[in-house]
Amino acid sequence: MTAAPAMSPLLRATGFALLATACFACVNLSVRALSLGGLPTLEIVFLRSAVSLMAVAPWVARVGARGLRTGIFRLHLLRCVILGGGTVLWFAGLGMLPLGDALALQFTTPLWVAVLAAVLLREKVDLARWAVIATGFAGVLVIVRPGLGGAALGQGAAFVLAGAALYACHTVIMKPMARTEGGGTMVFYLNGMYFLFFGLFMPFVWVMPGVGQLGWLALLGICGALSHVFLTRALHLADASFVAPFDFLKLPFGASLAWVLFGDVSDIWTWVGAAIIIAAGYLNARAEGRRRAAEPGG
């Protein structure tokens with residue numbers, strides 16, 4: 004009997020990327036439910052970190068202190084600061100917007116990556132790519148429609164867009180970290196730092212969760228931990244340009260479940276704007292791929 008052929012790295016990366024996307028969708032649904040239930044944003048982040056730490060506790064007990072050693076602690080700290088800020092802004096925005104609207108706006112993250120690379124890393128961005136980026140942000144205006152959606156929509160959109168910009172910074176540092184750090188290590192350091200930092204605010208914002216919210220908290224923490232494990236594995240097996248498009252599946256999946264569970268309804272302009280943003284993100288990714296291929300050694 005011949006052994007079954009091993010799966011290719013790209014096929015395995017696809018599986019991990021899909022699992023990460025499903026977990027992120029569950030996180031978003033949980034945050035939306037908890038926000039609608041009246042829990043403060045800082046408390047949601049704190050409780051998520053606590054449950055995530057419990058989820059990885061068996062792994063920590065197995066590997067011990069030696070398995071948690073890292074040579075890039077400063078990068079872990081930087082990742083915590085950047086992703087922590089992005090998470091707080093994203094969670095706050097989720098409490099103000101229908102999930103479909105928030106997800107559509109979050110798809111500006113790849114466009115923010117291009118802007119930050121040009122401004123901070125001095126990467127060359129030609130006129131055509133700037134036009135693509137501008138088109139993507141025009142899609143944001145289609146969704147938000149300034150002056151028509153009210154103050155809550157405008158503030159929620161601002162939070163989500165600022166969070167997307169910080170997620171873009173996180174994307175820049177995630178790939179080199181994934182080369183040396185395992186998923187468990189990434190989850191432990193991130194949530195350990197979250198737990199210590201956001202715990203400082205709990206005496207001032209704490210609201211006792213209701214019994215009906217415990218299930219959402221468990222789903223939030225467990226899926227939050229697993230999402231980073233799966234994403235780290237996917238990035239270890241494939242380039243970010245291959246993994247990133249799977250993120251777009253969060254919109255139809257998350258918006259459909261939010262409609263069923265919470266009655267969230269996104270109007271036609273949200274989907275039109277989302278299509279513009281996604282198309283711009285795709286064209287930007289293709290342009291970046293051509294740029295890298297044209298480089299010496301590319």
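Residue numbers (this note's numbering): 4 to 301.
Quick reminder that beta carbons are idealized off the backbone N, C-alpha and C, glycines included.
Residue i and residue j look like a contact to me (Cβ under 8 Å); what is the Cβ gap, rounded to whole Å?
| i | j | result |
| --- | --- | --- |
| Thr235 | Gly186 | 4 Å |
| Phe110 | Val34 | Not really, about 17 Å apart at Cβ, beyond 8 Å. |
| Gly103 | Leu240 | Not really, about 30 Å apart at Cβ, beyond 8 Å. |
| Leu260 | Val30 | Wrong, their Cβ atoms sit about 12 Å apart, outside the cutoff. |
| Thr174 | Val116 | 6 Å |
| Ser52 | Phe198 | 4 Å |
Alpha carbon to alpha carbon, how far is residue i from residue j?
| i | j | result |
| --- | --- | --- |
| Asp270 | Leu97 | 17 Å |
| Met196 | Leu80 | 8 Å |
| Leu233 | Val63 | Strictly speaking, residue 233 in this sequence is Phe, with Leu absent from that position. Their backbone Cα atoms lie some 17 Å apart in a straight line. |
| Ile146 | Leu119 | 23 Å |
| Asp129 | Arg293 | 12 Å |
| Glu184 | Leu106 | 28 Å |
| Leu21 | Phe256 | 12 Å |
| Val66 | Leu56 | 14 Å |
| Gly215 | Leu108 | 29 Å |
| Trp342 | Trp262 | This structure does not reach residue 342, given that the chain is present from 4 up to 301, and the question cannot be answered. |
| Glu126 | Phe207 | 43 Å |
If the criterion is Cβ atoms closer than 8 Å, does the pair residue i and residue j meet it?
| i | j | result |
| --- | --- | --- |
| Leu32 | Leu264 | yes |
| Ala283 | Leu114 | yes |
| Trp219 | Ala36 | yes |
| Val135 | Asn287 | yes |
| Met99 | Gly159 | yes |
| Ala16 | Ala237 | yes |
| Phe245 | Leu13 | yes |
| Ile225 | Val54 | yes |
| Leu2 | Gly88 | Within the shown structure, residues of the chain are numbered from 4 to 301, placing residue 2 beyond reach of any answer. |
| Phe302 | Leu71 | The chain is shown from 4 up to 301; residue 302 falls before or after that span and cannot be answered. |
| Thr138 | Ile279 | yes |
| Val91 | Leu42 | no |
Using a Cβ-Cβ distance under 8 Å, would residue i count as near chain B?
| i | result |
| --- | --- |
| Tyr285 | The structure shown contains no chain B; it holds only a single protein chain. |
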